[in-house]
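Protein sequences, first through last, are from chains A and B.
Quick note on the working numbering: the first sequence kicks off at 33 and runs consecutively.
Quick note on the working numbering: the second sequence kicks off at 33 and runs consecutively.
Think of the CB as a built atom: it goes at the ideal place given N, C-alpha and C, for glycine as much as any other residue.
The model shown is predicted, which means the values in this text are computed figures rather than measured ones.
Number of protein chains: 2
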Amino acid sequence: MYLKPYSGAGAPAHDETRRQLLEAAGEVFAEVGFRNATVREICRRARANVAAVNYHFGDKETLYMEVLRHSQQTAFAKYPPLLGVTADATPEEKLGAFIRSFLLRIFDEGSTAWFGKMMSREMVEPTEALDSLVAERLRPMAGLLLGLVAEILGRPPRDEAVRLCCFSIVSQCVFYHHCRTMISRLFPEQRLDASAVDQLAGHIARFSLAAIKHLPNPERPGAKPDSAGRRRR
Amino acid sequence: MYLKPYSGAGAPAHDETRRQLLEAAGEVFAEVGFRNATVREICRRARANVAAVNYHFGDKETLYMEVLRHSQQTAFAKYPPLLGVTADATPEEKLGAFIRSFLLRIFDEGSTAWFGKMMSREMVEPTEALDSLVAERLRPMAGLLLGLVAEILGRPPRDEAVRLCCFSIVSQCVFYHHCRTMISRLFPEQRLDASAVDQLAGHIARFSLAAIKHLPNPERPGAKPDSAGRRRR
DNA sequence: TGACATGTCAAACAAACGTTTCAATTATCT
DNA sequence: AGATAATTGAAACGTTTGTTTGACATGTCA
Numbered sequence: 033m034y035l036k037p038y039s040g041a042g043a044p045a046h047d048e049t050r051r052q053l054l055e056a057a058g059e060v061f062a063e064v065g066f067r068n069a070t071v072r073e074i075c076r077r078a079r080a081n082v083a084a085v086n087y088h089f090g091d092k093e094t095l096y097m098e099v100l101r102h103s104q105q106t107a108f109a110k111y112p113p114l115l116g117v118t119a120d121a122t123p124e125e126k127l128g129a130f131i132r133s134f135l136l137r138i139f140d141e142g143s144t145a146w147f148g149k150m151m152s153r154e155m156v157e158p159t160e161a162l163d164s165l166v167a168e169r170l171r172p173m174a175g176l177l178l179g180l181v182a183e184i185l186g187r188p189p190r191d192e193a194v195r196l197c198c199f200s201i202v203s204q205c206v207f208y209h210h211c212r213t214m215i216s217r218l219f220p221e222q223r224l225d226a227s228a229v230d231q232l233a234g235h236i237a238r239f240s241l242a243a244i245k246h247l248p249n250p251e252r253p254g255a256k257p258d259s260a261g262r263r264r265r
Numbered sequence: 033m034y035l036k037p038y039s040g041a042g043a044p045a046h047d048e049t050r051r052q053l054l055e056a057a058g059e060v061f062a063e064v065g066f067r068n069a070t071v072r073e074i075c076r077r078a079r080a081n082v083a084a085v086n087y088h089f090g091d092k093e094t095l096y097m098e099v100l101r102h103s104q105q106t107a108f109a110k111y112p113p114l115l116g117v118t119a120d121a122t123p124e125e126k127l128g129a130f131i132r133s134f135l136l137r138i139f140d141e142g143s144t145a146w147f148g149k150m151m152s153r154e155m156v157e158p159t160e161a162l163d164s165l166v167a168e169r170l171r172p173m174a175g176l177l178l179g180l181v182a183e184i185l186g187r188p189p190r191d192e193a194v195r196l197c198c199f200s201i202v203s204q205c206v207f208y209h210h211c212r213t214m215i216s217r218l219f220p221e222q223r224l225d226a227s228a229v230d231q232l233a234g235h236i237a238r239f240s241l242a243a244i245k246h247l248p249n250p251e252r253p254g255a256k257p258d259s260a261g262r263r264r265r
C-alpha cells in the first residue's frame, strides 16, 4: 500500500532522484543480483533516503523490472542485431554481424553492461520481468536468426535442424560471458572483455558456418538411420 | 566458534542426522542456491532441529561445500567423461562419448541432478568451493577434451584454435541446461530433460565434428590474413 | 502570504535470517 | 547402575532485510 506519485495534473519539474535511483539500482542489480541487492545500498549510491525507492517505485521489485526493461532498450539501441551490414548483405555476412553484435551487447562496459549481467542471473533465477523481455526483443531476435540459418541451410525455419543450429550458435555467444568465472580459472590467459569480441566473434562465425555447410545430411535423428552416421552401442 | 563433534575416542554409531542433513541440503541448495536457502528449511526437511546444521557442520557455508563436493563425486562416478567407449576408440568416437556423458551428467534426475544445478549457480555467483572443484575434476576434464580436439584438428593441445574449438563444444553442452528457462519460453515444444539427451548429444557431436573438420585454414587471426577468409569492413 | 501538493528525512517496524545458549535426552563404557 | 560424552530440543540473540510512519522542507498556485 503506497501513494502513487505523479498522480495529479501538476507535472513535477525535477525527477532527479528517480533518475539517480535507476542508475544506482542498475549498478547494484548487475553486480549482485536482485535478491542480494539491498535497498539501502542502492539509496546510498543514489545519495537518497532509504524511503526513496518505495516512494518513487512502490517496491524493490518494480524498481528491478524498470531497470531491466530500460537496460534492454539501451543495449539493443546501441547494438541492434544486424549492426554493420545492410539489407542486401548475404546471409553469411548477416550471421557474422549477428554474432558480433550479440557479443558486443553482452560484453559492453559501463551502463550497457548491466543488461548482460542481469540476463545471466535471469537465466538461473528468472523473475516475472523475463516474460516481457522475451516478448519485446528476444522472440523477434530468435525469429531473425532462424530465418538466417534456414536460408543458409536450405530448409524451412521451423525445421528441427535449423532450430538446433541456432541453439549451437547462440550457445557459443552466451558461453564466454556466462561461464567467464570458469573459463578464467581454467585458462587465465584467455581475454574475456570487449577487446576480445572480434577474436571470439570471428571464431564463432567460422566454426558455425563450417558446421552448417558441412552438416551430415540426415540431421533429423528420427528419419531412417544412416549406417554411416550410426555410432556403436 | 563451535564444538567440533566426533572429537573423542567414542565413535558414535549413527550419524543418521548428518546424512539426512546432507540429503536435505542438496535438495534445497539445488533448488534455490546458497544465499536463498535457509538453514531452517534444510532442517525441516531433514526432520532435525534448527541447531543441527551448526552442530554437525559448523556453519551453513561448510555444509554447502560438503554438499557440492559430494554431488560432484557422485556425478562423475555415475557418468565418467568417456562413458561407453574403450581406450582404443577413435578420437571422434571419444568426442561423441564426451558430449553424451556431459549432457547425461547435468541432465540427470534425482540426487545426481544437484550437481548440474549447483554448478549453474556457481557460474553466476561463484563461492570458494568452486576452486577445489576445478582442481579435482574440471581441470583434468578440460585437458582430456583439449587432447581429443587437438588430435582431430592435427594441432598441438596448447594451440589457440584448439582451445576455441573446445569452448565451442562445451558451450553447446552447458547451454541447454543453463538457458533452459529461456529456451522453453521461446520454444515450448523443445524437450529439455534426460529423454532428450541422445537427440541433443547427436546434434552437438555432428555439428562440432563438421565444424572442426572443415574449419578455414587460418583460424589463427593474427597469422597472415587469407583473402578468402576475409570479411569486408 | 496562505493553502496545498510534492518530496525528503530520521526513526522505527515487523519479519526472517544464521547462530548461540543451555537444559534435557540418549548412547557408551566401566 | 552410575559416570561421562554425544546429541537433541526449545528458546532466544543480534543482525539485516524491505517497508512504513510522521514530522519537516520545498515547490507551486490562489
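Asked: Residue burial classification, A45 of chain A (beta-carbon count within 10 angstroms, cutoff 16); Found: Because A45 of chain A sits at a pLDDT of 37, beneath the cut-off of 50, its placement in the model cannot be relied upon, and the following sentence gives the value as read from the coordinates. So A45 of chain A ends up on the exposed side.
Asked: Through-space distance from R190 of chain A to E55 of chain A, alpha-carbon basis; Found: 40 Å
Asked: Rounded separation between R187 of chain A and N249 of chain B - CA only; Found: 28 Å
Asked: Contact with chain A by P248 of chain B, beta-carbon distance below 8 Å; Found: yes
Asked: Within chain B, partners of P158 of chain A - CB distance below 9 Å; Found: T213, M214 and R217
Asked: Completely contained alpha helix (DSSP H) runs for the segment 44-106 of chain B, where each covers 4 or more residues; Found: 48-68, 71-77 and 84-89
Asked: Short CB-CB distance (under 8 Å) between M150 of chain A and chain B; Found: no
Asked: Bounding residues of the alpha helix (DSSP H) (the contiguous stretch that carries Y111 of chain A); Found: Run containing Y111 of chain A: none; DSSP gives neither H nor E here.
Asked: Same chain only: Cβ atoms within 6 Å of V229 of chain A, ignoring 5 sequence neighbours per side; Found: L135, L136 and F139
Asked: Where the alpha helix (DSSP H) through V194 of chain B begins and ends; Found: E192 to H210
Asked: Cut-off 8 Å between Cβ atoms - residues of its own chain near R72 of chain B, not counting five sequence neighbours on either side; Found: V82
Asked: Cβ-based contacts, 9 Å cut-off: residues of the segment 228-247 of chain B near chain A; Found: D230, Q231, L232, G234, H235, I236, A237, R238, F239, S240, L241, A242, A243, I244, K245, H246 and L247
Asked: Rounded separation between C198 of chain B and L177 of chain B - CA only; Found: 7 Å
Asked: Enclosing alpha helix (DSSP H) for R153 of chain B [first to last residue]; Found: A145 to V156
Asked: Close-in-space but distant-in-sequence residues of the same chain around P112 of chain B (CB under 8 Å, 5 per side omitted); Found: S133
Asked: Sub-8 Å separation of L127 of chain A and L241 of chain A beta-carbons; Found: yes
Asked: Contact between the segment 167-175 of chain A and the segment 214-228 of chain A (3+ Cβ pairs under 8 Å); Found: no
Asked: Reduced DSSP category for K256 of chain A - H, G, I as helix; E, B as strand; rest coil; Found: At K256 of chain A the pLDDT is 37, less than 50, meaning the model places this residue with poor confidence; the figure from the coordinates comes in the next sentence. The answer is coil: DSSP assigns K256 of chain A none of H, G, I, E or B.
Asked: Option in A:E124, A:A84, A:S164 and A:R51 with minimal Cα separation from R101 of chain A; Found: A:S164
Asked: Cβ-based burial, S227 of chain B [other Cβ within 10 Å; buried from 16]; Found: exposed
Asked: Under 8 Å (Cβ pairs) to chain B, residues found in the segment 40-74 of chain A; Found: G65, R67 and N68
Asked: R51 of chain A classed as buried or exposed, judged by whether at least 16 other C-beta atoms fall within 10 angstroms; Found: exposed
Asked: Buried versus exposed, by CB contacts within 10 Å (16 or more), Q105 of chain B; Found: exposed
Asked: Cutoff 8 Å; reference F239 of chain B; Cβ partners in own chain excluding five residues on either side; Found: Q204
Asked: Test: E102 of chain A CB closer than 8 Å to a CB of chain B; Found: The sequence as given places His at residue 102 of chain A; Glu does not occur at that position. No, no contact with chain B.
Asked: Length of the line joining the Cα atoms of E141 of chain B and A243 of chain A; Found: 31 Å
Asked: Beta-carbon proximity check, C28 of chain B vs V85 of chain A, cutoff 8 Å; Found: There is simply no residue 28 of chain B to check, as chain B begins at 33 and stops at 265 in what is shown.
Asked: Reduced DSSP secondary structure (H/G/I, E/B, other) of F130 of chain B; Found: helix
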